[in-house]
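Colleague: One structure is given below, represented as structure tokens, and several questions about it will come after.
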Amino acid sequence: MDKAKRKAIIAGNWKMNKTPKEAKELLSAMAPLVADADCEVIACVPYVDLATAIEATAGTNIKIGAENCHWAESGAFTGEISTGMLKEIGVEYVVLGHSERRQYFGETDETVNKRTKAALAAGLKPIVCVGELLWERECNITEEVIARQIKLDLWDVTEDELKNVVIAYEPVWAIGTGKTATADQAEEVCAFIRAQLAKLYNQDAADAVTIQYGGSMNDGNADELLSKTNVDGGLIGGASLVAEKFAAIVKAASK
Ligand code: 13P
28 MDKAKRKAII AGNWKMNKTP KEAKELLSAM APLVADADCE VIACVPYVDL
78 ATAIEATAGT NIKIGAENCH WAESGAFTGE ISTGMLKEIG VEYVVLGHSE
128 RRQYFGETDE TVNKRTKAAL AAGLKPIVCV GELLWERECN ITEEVIARQI
178 KLDLWDVTED ELKNVVIAYE PVWAIGTGKT ATADQAEEVC AFIRAQLAKL
228 YNQDAADAVT IQYGGSMNDG NADELLSKTN VDGGLIGGAS LVAEKFAAIV
278 KAASK
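Going by our numbering, the sequence shown opens with residue 28, and the numbers climb by one from there.
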């Protein structure tokens, strides 16, 4: 399947930035700039911004995502948010397994898998993040790390459910560091991810999955990264907090 047939998706991951008031301002500034996008446009925002963000983007082409979700329907999980809560207010996507969750909050492949399955069961579309640490790349085990994450994070996810999964390749050493993977490095790992999906499912299923690159993607490097065959979009941190920069990346993906 050629790249043009896959859905290009540019998603902002706002991380712990923007109050509801600021979220409304940013989305209002962004909406007219991305209105003509020929790709899917998503803003993944902090939990408390979700309701405001959904309201502010009603009638626009910007979809709203959360930055995590729990796997249980409800219960004694202080500080957590369920898939049902997200679904009810109109959230469509959810970022799962982000390296910051893995690094600072003890997220493991097992919990990423539980969250992924719960999100899919609730009708949310997970953006599952994978990526190697600098040390792992230096030790030449990038492929082993990625293969393991893909296999475990998607454990028990059916071929039918896979249609609603987006994979984000985010080399940890490139996140927030200003160090972007070269377009060739990004392509190499995104192609490897697709090959793993083909092994776990089949080639057709793998060819249909949108694979994003994330890690210091910005308006200056998006064109080159997105020109690669297996890089179908971007998961954008810092640059998603500036309407014009985010819109320029959306434009690059719309070509
Ligand atoms: P930066 O674009 O700030 O490097 O963040 C990337 C990221 O972690 C997106 O999820």
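Every residue gets a Cβ at the ideal spot worked out from N, C-alpha and C, and that includes glycine.
Compare the beta carbon distance of cysteine 166 and histidine 125 with 7 Å and say whether it is the shorter of the two.
Modeller: No.
Colleague: Taking the continuous alpha helix (DSSP H) assigned at leucine 262, which residues delimit it?
Modeller: First-last for leucine 262: 260 to 263, but that is the beta strand (DSSP E), not the alpha helix (DSSP H).
Colleague: What is the DSSP secondary structure of cysteine 66, reduced to helix, strand or coil?
Modeller: Cysteine 66: coil per DSSP, three-state reduction.
Colleague: The ligand 13P heavy atoms versus the CB of glycine 203: any closer than 6 Å?
Modeller: Checking every heavy atom of the ligand 13P against the Cβ of glycine 203, one is found closer than 6 Å.
Colleague: By DSSP, does lysine 34 sit in helix, in strand, or in coil?
Modeller: Of the three classes helix, strand and coil, the one that applies to lysine 34 here is coil, per DSSP.
Colleague: Hey, quick one: how far does the beta strand (DSSP E) through glycine 153 stretch, first residue to last?
Modeller: Reading the sequence as shown, one finds proline at residue 153 and not glycine. First-last of the beta strand (DSSP E) with proline 153: 152 to 157.
Colleague: Compare the beta carbon distance of isoleucine 263 and isoleucine 238 with 7 Å and say whether it is the shorter of the two.
Modeller: No; because the gap between Cβ atoms is not below 7 Å, this pair is not in contact.
Colleague: Compare the beta carbon distance of glutamate 186 and tyrosine 228 with 7 Å and say whether it is the shorter of the two.
Modeller: It is a contact, given that the beta carbons lie within the stated cut-off.
Colleague: Please report the residue range of the alpha helix (DSSP H) in which tyrosine 131 lies.
Modeller: Its alpha helix (DSSP H) spans residues 126 to 131.
Colleague: Answer yes if the region 100 to 107 comes into contact with the region 78 to 85, meaning at least three C-beta pairs across the two stretches below 8 Å, and no otherwise.
Modeller: Result no; under three Cβ-Cβ pairs closer than 8 Å.
Colleague: Could you check if glycine 150 is buried or exposed, using at least 16 other CB atoms within 10 Å of its CB as the buried criterion?
Modeller: Glycine 150 comes out exposed.
Colleague: Below 8 Å on the Cβ atoms is my contact criterion, and I expect glycine 265 with isoleucine 37 to pass it. Report the Cβ-Cβ distance as a whole number of Å.
Modeller: At roughly 14 Å, the Cβ-Cβ gap does not stay under 8 Å, so glycine 265 and isoleucine 37 are not in contact.
Colleague: Are there 16 or more other CB atoms within 10 angstroms of the CB of leucine 123, so buried, or fewer, so exposed?
Modeller: The residue in question, leucine 123, is buried, as its Cβ has 16 or more Cβ neighbours within 10 Å.
Colleague: Valine 285: which of Ala222, Ala249, Asn248, Ala280 sits nearest, CA to CA?
Modeller: Residue numbering for the chain in the displayed model covers 28 to 282; residue 285 lies beyond these limits and cannot be assessed.
Colleague: Going by C-alpha distance, which of Asn191, Gln130, Glu127 is nearest alanine 145?
Modeller: Closest by alpha carbon: Asn191.
Colleague: How big is the Cα-Cα spacing for phenylalanine 132 and tryptophan 41?
Modeller: One C-alpha to the other measures close to 17 Å.
Colleague: Check this for me: beta carbons of tyrosine 120 and lysine 152, under 7 Å apart or not?
Modeller: Going by C-beta atoms, tyrosine 120 is nearer than 7 Å to lysine 152.
Colleague: Excluding the five sequence neighbours on either side, which residues of its own chain have a C-beta within less than 8 Å of the C-beta of methionine 57, listed in chain order?
Modeller: Ala70, Ile89, Ala270, Phe273, Ala274.
Colleague: Alpha carbon to alpha carbon, how far is alanine 233 from aspartate 65?
Modeller: Their Cα atoms are separated by approximately 22 Å.
Colleague: Less than 7 Å between the C-beta atoms of isoleucine 154 and valine 216, yes or no?
Modeller: Contact: no.
Colleague: Is any non-hydrogen atom of the ligand 13P found closer than 6 Å to the C-beta of leucine 262, if you look at the structure I gave you?
Modeller: Yes.
Colleague: Could you name the residues that DSSP lists as bridge partners for leucine 123?
Modeller: Per DSSP, Val155.
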